[in-house]
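Student: For the protein sequence lines, the chains are F and L, in the order given.
Just so we're aligned, residue 1 is where the first sequence starts under full-length UniProt numbering, counting upward by one.
Just so we're aligned, residue 1 is where the second sequence starts under full-length UniProt numbering, counting upward by one.
Number of protein chains: 2
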Amino acid sequence: MSRASRASTKDKAAAQAVVGPAIVLVRPQLGENIGFAARAMANFGLADLRLVAPRDGWPNEKATAAAAGAYATVDSATLYETTELALAKTNYVIATTARPRDMVKPVMTPESAAAELLSRQKQGQTCAILFGPERSGLDNDDIGLVDALVTAPVNPAFASLSLPQTVLLIAYEWQKQAGPGGLGRATRFDGPAREGTPLPNTRPAEREEMFGLFEHLEAELDAHGFLRPAEKRPTMVRNIRNMFHRMQLTEQDVRTWRGIVSSLTGGKRRNP
Amino acid sequence: MSRASRASTKDKAAAQAVVGPAIVLVRPQLGENIGFAARAMANFGLADLRLVAPRDGWPNEKATAAAAGAYATVDSATLYETTELALAKTNYVIATTARPRDMVKPVMTPESAAAELLSRQKQGQTCAILFGPERSGLDNDDIGLVDALVTAPVNPAFASLSLPQTVLLIAYEWQKQAGPGGLGRATRFDGPAREGTPLPNTRPAEREEMFGLFEHLEAELDAHGFLRPAEKRPTMVRNIRNMFHRMQLTEQDVRTWRGIVSSLTGGKRRNP
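#1: How about L:T151: is its C-beta nearer than 8 Å to some C-beta of chain F?
#2: Is F:F131 helix, strand or coil by DSSP?
#3: By a C-beta neighbour count over all protein chains shown, 10 Å radius and 16 as the cutoff for buried, is L:P21 buried or exposed?
#4: Should L:L138 and L:V24 be called a contact, given that it needs their Cβ atoms to be closer than 8 Å?
#5: Can you list the residues of chain F that L:D141 reaches, using a CB-CB cut of under 8 Å?
#6: Check whether the region 196-213 of chain F touches the region 131-149 of chain F, taking contact to mean three or more Cβ pairs, one atom from each stretch, closer than 8 Å.
#7: Along the chain, where does the beta strand (DSSP E) that runs through F:A86 open and close?
#8: Where does F:F226 land, buried or exposed, given buried means 16+ other C-beta within 10 angstroms?
#9: List in chain order: all unbroken alpha helix (DSSP H) runs of 4+ residues lying wholly within the region 24-97 of chain F.
#10: For a contact defined as C-beta to C-beta under 8 Å, what are the partners of F:A40 on chain L?
#11: Going along the chain, which residues of the region 89-115 of chain F sit with their C-beta nearer than 9 Å to a C-beta in chain L?
#12: Can you check DSSP and say which residues form a bridge with F:L183?
#13: Scan the region 193-221 of chain L for residues whose Cβ lies nearer than 8 Å to a Cβ of chain F and list them as they occur along the chain.
#14: Three-state secondary structure (DSSP) at F:V146?
#15: Would F:K176 count as contacting chain L if we go by Cβ distances under 8 Å?
#16: Which ranges does the alpha helix (DSSP H) cover as unbroken runs of at least 4 residues, wholly within the region 189-244 of chain F, from first to last along the chain?
#17: Excluding the 5 residues preceding and the 5 following L:L149 in the sequence, name in chain order all residues of the same chain whose CB lies nearer than 6 Å to its CB.
#18: By how many angstroms is the C-alpha of F:P156 removed from the C-alpha of L:K122?
#19: With distances taken from CA atoms, which of F:A37, F:R233, F:R246, F:R194 is nearest F:F131?
#20: Can you check whether the C-beta of F:A70 is within less than 8 Å of a C-beta belonging to chain L?
#21: So, is the C-beta of L:G31 closer than 8 Å to a C-beta in chain F?
#22: Check L:V154 in the structure and name its three-state DSSP category.
#23: Less than 8 Å between the beta carbons of L:T250 and L:A205, yes or no?
#24: Using DSSP with H/G/I as helix, E/B as strand and the rest coil, what is L:V167?
#25: Which first and last residues belong to the alpha helix (DSSP H) in which F:L117 is found?
#26: Is it true that the CB of L:A171 sits closer than 8 Å to the CB of L:L79?
#27: May I ask which residues mark the beginning and end of the alpha helix (DSSP H) holding F:D253?
#28: Just checking my contact of L:Q175 with F:V154 at CB under 8 Å: how many whole Å lie between their CB atoms?
#29: Output yes if chain L places a C-beta closer than 8 Å to the C-beta of F:L183; else output no.
#30: Using DSSP's beta-bridge definition, name the partner residues of F:V107.
#31: Looking only at its own chain, which residues have a Cβ that is under 6 Å from the Cβ of L:A77, when we skip the five neighbours before and after it?
#32: Does any CB atom of chain F fall closer than 8 Å to the CB of L:A22?
#33: Put L:A178 into one of helix, strand or coil per three-state DSSP.
#34: Starting from the C-beta of F:A14, find all residues in its chain whose C-beta is less than 7 Å away, skip the five residues before and the five after it, and write them out in chain order.
#35: Can the beta-carbon of F:T166 be found less than 8 Å from the beta-carbon of L:G184?
#36: To the nearest angstrom, how far is it from the Cα of L:S263 to the Cα of L:L217?
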């Protein structure tokens with residue numbers, strides 16, 4: 001097994017180590033939005049979709065179409081007549097709201113909600129996040145069933161997030177904290193990307209290689225009369241060296257630059 | 001001017017203190033997606049939308065419909081024939097990609113990209129984020145024009161984010177770091193919500209009030225023979241007190257509980 005595919009297997013195991021919270025859509029109106037929400041859940045590693053009295057019944061063709069491949073999430077969605085029934089077996093519930101409610105109840109950001117959910121899911125608690133109907137949001141009776149509220153940091157002048165957008169943000173913050181840490185799609189040969197600068201088939205240049213390039217370039221620049229007048233030479237050399245340092249050259253890059261300098265000075269032809 | 005409305009004015013000033021990066025959609029295919037992207041931008045305080053050769057021309061009715069109120073963002077969008085022209089006056093550009101590219105170029109999370117963009121915008125640099133066409137993403141020539149890549153932490157097995165979803169995540173991370181810090185919609189009477197437990201028209205209970213409630217309740221429980229046998233009384237009392245502490249009672253809540261105890265023991269009638 002290659003190192004890359006072993007890392008990828010490990011990633012998958014880590015991703016599945018903690019079960020995510022249930023996403024509970026209360027009286028959703030549009031099938032498309034259920035589908036978009038399912039897609040966002042699949043994108044960010046959530047699987048437990050619960051529907052309370054969807055307006056247009058269930059199953060819903062528009063939901064399946066909008067899920068754009070996240071069919072398993074749509075197909076395994078469970079249906080409930082009331083919010084109470086959907087939450088019956090949960091231990092901790094957070095509700096999404098777009099505006100402050102006159103209730104003495106903790107308000108969290110999506111980020112802090114994800115941290116709280118992760119901590120509780122790790123302890124084996126079953127958690128859920130409640131989302132209200134598109135037009136009105138959750139009513140105060142539904143809000144009365146939950147432990148805390150989550151509200152996103154939005155532009156207060158244009159604060160209206162759509163239902164699937166809200167599911168996406170919550171699921172994204174969950175994945176950020178609970179996921180395997182990879183970025184983007186896993187390719188056939190590598191796992192997902194990692195933060196930082198990848199160096200495929202090469203390595204950062206060593207100082208000795210950089211110094212060799214500097215001497216080569218500066219000797220040619222001296223020979224061509226570029227580094228004049230003499231009193232300005234030290235500053236000019238330092239500036240040029242600093243530009244090369246900012247490039248963060250690889251070993252391959254240094255060889256490319258040696259070739260460029262040789263080529264421009266006629267010392268070597270690429271294809272003689 | 002009330003304290004709440006002063007805070008709200010201050011929020012607005014802070015929100016506008018740093019100009020956000022431009023969102024550049026390269027050869028977008030669906031007008032709806034341009035509209036959804038514009039809405040997400042408005043939700044998270046971004047205003048500069050640039051379109052490079054949109055497939056169905058510009059303006060586009062479907063974009064306006066999908067913007068769902070973010071008309072200013074759609075109407076002020078600027079149109080370019082090439083990516084180079086759209087980026088001409090920018091200083092720093094990040095491209096969104098769904099998969100690692102074989103390029104020696106820094107890869108960032110949406111979070112670290114937002115931090116880098118904020119730092120540069122504060123220095124007066126003009127920054128942009130590049131998004132590719134729905135079907136294919138950015139081609140390698142477009143990627144060759146940018147300083148860094150940004151990729152979201154997704155479920156590697158279902159990594160495909162839609163164009164407006166990707167715009168939403170990037171804009172959300174921008175707002176998290178650059179925004180005024182409020183949560184959700186500003187209401188007419190209050191500013192946006194804040195993290196923590198709001199206490200409208202009340203305050204956390206003082207210990208003295210809690211102790212008064214405990215004595216009242218425990219006296220009644222003793223009188224009714226609940227706290228027996230005697231050797232278990234201290235544990236029972238501690239457990240009950242701890243439940244009340246976990247409630248984080250307000251001053252109003254303590255009065256409610258005193259009323260409940262009086263009511264249940266027949267000592268007082270609510271409506272005599």
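Positions of the beta carbon are idealized from the N, C-alpha and C atoms, including for glycine.
As the structure is a prediction and not an experimental result, all values here were calculated from the model.
Tutor: Result, derived from the coordinates:
#1: Reading the second sequence from its first residue, position 151 is the one you call residue 151 of chain L. Output row for L:T151: interface = yes.
#2: By one-based count along the first sequence, residue 131 of chain F stands at place 131. F:F131 falls in the strand class under three-state DSSP.
#3: By one-based count along the second sequence, residue 21 of chain L stands at place 21. In summary, L:P21 is buried, with 16 or more beta-carbon neighbours lying within 10 Å of its beta-carbon over all protein chains present.
#4: Position 138 of the second sequence, counted from the start, is the residue given in the question as residue 138 of chain L. Position 24 of the second sequence, counted from the start, is the residue given in the question as residue 24 of chain L. Contact check for L:L138 against L:V24 fails: the beta carbons are separated by 8 Å or more.
#5: For the purposes of this step, residue 141 of chain L is identified with residue 141 of the second sequence, where counting begins at 1. Ordered by position in chain F, no residue passes the 8 Å Cβ test against L:D141, which lies about 19 Å from the chain.
#6: The region 196-213 of chain F is not in contact with the region 131-149 of chain F.
#7: For the purposes of this step, residue 86 of chain F is taken as the residue at position 86 of the first sequence. Residue range 83-87 is occupied by the alpha helix (DSSP H) that includes F:A86, with no beta strand (DSSP E) assigned at that position.
#8: As a first step, residue 226 of chain F is located in the first sequence; it is residue number 226 there, counting from the start. Label assigned to F:F226: exposed.
#9: Counting only runs of 4 or more, we get 31-43, 61-66, 71-75, 83-87.
#10: Counting from one through the first sequence, the residue named residue 40 of chain F turns up at place 40. Contact annotation for F:A40 against chain L: Q165 [CB-CB distance below 8 Å, chain order].
#11: Per Cβ criterion, the list reads T97, A98, R99, P100, R101, D102, M103, V104, K105, P106, V107, M108, T109, P110, E111, S112.
#12: Looking up residue 183 of chain F in the first sequence gives position 183. Answer is F:A193.
#13: Answer set for the region 193-221 of chain L: A193, R194, E195, G196, T197, P198, L199, P200, T202.
#14: As a first step, residue 146 of chain F must be located in the first sequence, where it is residue number 146. F:V146 falls in the coil class under three-state DSSP.
#15: Counting from one through the first sequence, the residue named residue 176 of chain F turns up at place 176. Yes, because at least one Cβ of chain L sits closer than 8 Å to the Cβ of F:K176.
#16: Taking 4 residues as the shortest admissible run, the region 189-244 of chain F contains the following complete alpha helix (DSSP H) segments, listed from N- to C-terminal end: 207-223.
#17: Translated into the one-based positions of the second sequence, residue 149 of chain L becomes position 149. Once the five neighbours on either side are set aside, the close Cβ partners of L:L149 are A95, T97, K105, V107.
#18: Counting from one through the second sequence, the residue named residue 122 of chain L turns up at place 122. Counting from one through the first sequence, the residue named residue 156 of chain F turns up at place 156. Those two C-alpha atoms are separated by around 22 Å.
#19: On the first sequence, position 131 is the one that residue 131 of chain F refers to. The residue from F:A37, F:R233, F:R246, F:R194 with its alpha-carbon nearest to that of F:F131 is F:A37.
#20: Looking up residue 70 of chain F in the first sequence gives position 70. Taking CB atoms only, F:A70 has a neighbour in chain L less than 8 Å away.
#21: Position 31 of the second sequence, counted from the first residue, corresponds to residue 31 of chain L. Judged by the 8 Å Cβ criterion, L:G31 is not in contact with chain F.
#22: Within the second sequence, residue 154 of chain L is the residue found at index 154, counting from 1. Three-state DSSP puts L:V154 in coil, outside helix and strand.
#23: Here residue 250 of chain L corresponds to residue number 250 of the second sequence, with the count starting at 1. Here residue 205 of chain L corresponds to residue number 205 of the second sequence, with the count starting at 1. Yes, these two residues count as a Cβ contact at 8 Å.
#24: Start at 1 with the first residue of the second sequence, and residue 167 of chain L comes out as number 167. Looking at L:V167 - three-state DSSP - the assignment turns out to be helix.
#25: As a position in the first sequence, residue 117 of chain F is number 117, starting the count at 1. Annotation: the continuous alpha helix (DSSP H) that includes F:L117 extends over 110-122.
#26: Within the second sequence, the letter at position 79 stands for residue 79 of chain L. Within the second sequence, the letter at position 171 stands for residue 171 of chain L. No.
#27: As a working note, residue 253 of chain F is residue 253 in the first sequence. 251-264 is the extent of the alpha helix (DSSP H) around F:D253.
#28: The residue labelled residue 175 of chain L in the question sits at position 175 within the second sequence. The residue labelled residue 154 of chain F in the question sits at position 154 within the first sequence. Contact between L:Q175 and F:V154 holds: their C-beta atoms lie close to 7 Å from each other, under 8 Å.
#29: For the purposes of this step, residue 183 of chain F is taken as residue 183 along the first sequence, with counting starting at 1. Yes, F:L183 counts as interfacial toward chain L.
#30: As a first step, residue 107 of chain F is located in the first sequence; it is residue number 107 there, counting from the start. DSSP output for F:V107 lists F:L149, L:G196 as bridge partner(s).
#31: For the purposes of this step, residue 77 of chain L is taken as the residue at position 77 of the second sequence. Residues of the same chain with a CB within less than 6 Å of the CB of L:A77, apart from the 5 flanking positions on each side, are L49, L51 in chain order.
#32: In the second sequence, counting from the first residue as 1, residue 22 of chain L sits at position 22. For L:A22, the nearest beta carbon of chain F is not closer than 8 Å to its own beta carbon.
#33: As a working mapping, residue 178 of chain L is identified with position 178 in the second sequence. If DSSP states are grouped into helix, strand and coil, L:A178 belongs with the helices.
#34: Position 14 of the first sequence, counted from the first residue, corresponds to residue 14 of chain F. Because F:A14 carries a pLDDT of 45, less than 50, the predicted location of this residue cannot be relied on, and the following value inherits that uncertainty. In its chain, beyond the 5 residues on either side, P180 have a beta carbon closer than 7 Å to the beta carbon of F:A14.
#35: In the first sequence, counting from the first residue as 1, residue 166 of chain F sits at position 166. In the second sequence, counting from the first residue as 1, residue 184 of chain L sits at position 184. Contact flag unset, no.
#36: Against the second sequence, residue 263 of chain L aligns to sequence position 263. Against the second sequence, residue 217 of chain L aligns to sequence position 217. Here the C-alpha atom of L:S263 lies approximately 12 Å from the C-alpha atom of L:L217.
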